[in-house]
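Residue numbers (this note's numbering): 31 to 269.
The block underneath contains the structure these notes are about, expressed in structure tokens.
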């Protein structure tokens with residue numbers, strides 16, 4: 031974030047959740063309305079296949095980090111929110127983001143949580159918004175007409191692609207596989223080691239947490255972390 035980080039005490043957050051649940055949304059809306067546009071700088075870290083094989087931790091474990099000293103942050107872009115939605119339902123509540131929406135040339139990593147989310151998000155959107163959620167203006171290409179073999183279903187808001195066939199192959203000039211997509215079928219990330227089971231007993235789950243607690247957090251951050259852990263564990267059953 032380009033705005034800096036400002037933390038809120040959990041007690042105060044709990045109070046606002048009951049008395050002013052729109053606190054964060056209103057703060058964002060008002061900032062954009064006053065042309066105090068919030069922004070975020072996108073940065074990436076790059077690790078080669080060879081480095082991934084040698085690091086002393088699982089680089090695709092979402093509980094781990096890639097130390098910036100070894101893999102520095104590289105700025106690639108900046109996102110600026112410069113317009114409030116004209117209709118909150120149409121542009122926000124119907125929006126259907128998913129980690130499976132990838133541009134050509136970028137593919138998912140072996141992160142096991144990500145692997146589950148690739149299909150779970152789409153299932154959720156179909157349940158929440160409807161089978162044809164990709165036809166909604168907020169979710170479809172801006173200036174490109176989609177041609178595929180998906181037809182019918184509730185809330186179909188298009189011409190249902192007219193009388194075009196819904197089977198492949200066909201003799202009616204229906205859409206065909208993109209030649210470029212064929213080149214992307216083989217993953218550039220070759221599998222290594224066992225791919226049919228996952229042993230985590232020898233994973234180092236403490237070194238990075240120790241560094242984070244002792245060197246990254248300040249006194250206030252450590253205090254908030256302890257309070258948050260206590261707040262979540264206090265309702266645990268004493269087995």
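Built from N, CA and C at the ideal position, the CB exists for glycine as well.
All values derive from a computational prediction rather than experimental measurement.
- Item | CA-to-CA distance, residue 211 to residue 199, given in whole angstroms | Here the question's residue 199 lines up with position 169 in the chain shown. Here the question's residue 211 lines up with position 181 in the chain shown. If you draw a straight line from the Cα of residue 199 to the Cα of residue 211, it comes to about 17 Å.
- Might you give, ordered along the chain, the residues of its own chain that have their beta carbon closer than 7 Å to the beta carbon of residue 92, omitting 5 neighbours on each side? Here residue 92 refers to the residue found at position 62 when the chain shown is read from its first residue. If we look at residue 92 and ignore the five residues flanking it on each side, its Cβ neighbours are 141 and 143.
- Item | Rounded separation between residue 8 and residue 138 - CA only | Given a span of 31 to 269 for the chain in the structure shown, any question on residue 8 remains unanswerable.
- Buried or exposed by the 16-neighbour rule on C-beta atoms within 10 Å, applied to residue 162: Against the chain shown, residue 162 aligns to sequence position 132. For residue 162, the number of other beta carbons within 10 angstroms of its own is at least 16, and it is reported as buried.
- Message: Let's see if you can read the secondary structure: which residues bound the beta strand (DSSP E) around residue 72?
- Response: Counted from its first residue, the chain shown places residue 72 at position 42. Counted as a single uninterrupted DSSP element, the beta strand (DSSP E) harbouring residue 72 occupies residues 69 to 74.
- Task: From the DSSP output, in three-state form, read off residue 109 for me.
- Result: Mapped onto the chain shown, residue 109 falls at position 79. Collapsing the DSSP output to three states places residue 109 in a strand.
- Message: If contacts are defined as beta-carbon pairs under 8 Å, then residue 25 and residue 155 qualify, I think. What distance do you get, rounded to the angstrom?
- Response: Within the shown structure, residues of the chain are numbered from 31 to 269, placing residue 25 beyond reach of any answer.
- Pick from 71, 134, 68 and 90 that is closest to residue 78, judged by C-alpha positions: The residue you call residue 78 lines up with position 48 of the chain shown. Taking only the C-alpha atoms, the option nearest residue 78 is 90.
- Go through its chain and collect everything with a Cβ distance to residue 40's Cβ below 8 Å, but skip five positions before and after it. The sequence position of residue 40 within the chain shown is 10, counting from 1. Cβ neighbours of residue 40 beyond the five flanking positions: 254, 257, 258 and 261.
- Candidates 64, 152 and 84: closest to residue 112 by CA position: Taking the chain shown and counting its residues from 1, the one referred to as residue 112 is at position 82. The candidate whose alpha carbon is nearest that of residue 112 is 64.
- Query: Contact check, residue 58 vs residue 124 under 8 Å by CB: the rounded distance?
  - Reply: If you number the chain shown from 1, residue 58 lands on position 28. If you number the chain shown from 1, residue 124 lands on position 94. Contact annotation, residue 58 with residue 124: C-beta distance approximately 19 Å; criterion of less than 8 Å not satisfied.
- Message: For a test of the three-state rule: what should DSSP assign to residue 164, helix, strand or coil?
- Response: Counting from 1 along the chain shown, the entry for residue 164 is found at position 134. If DSSP states are grouped into helix, strand and coil, residue 164 belongs with the helices.
- Measure the alpha-carbon distance for residue 48 versus residue 209 and round it to whole angstroms. Translated into positions along the chain shown, residue 48 becomes position 18. Translated into positions along the chain shown, residue 209 becomes position 179. Linking residue 48 to residue 209 through their CA atoms gives a straight-line distance of about 54 Å.
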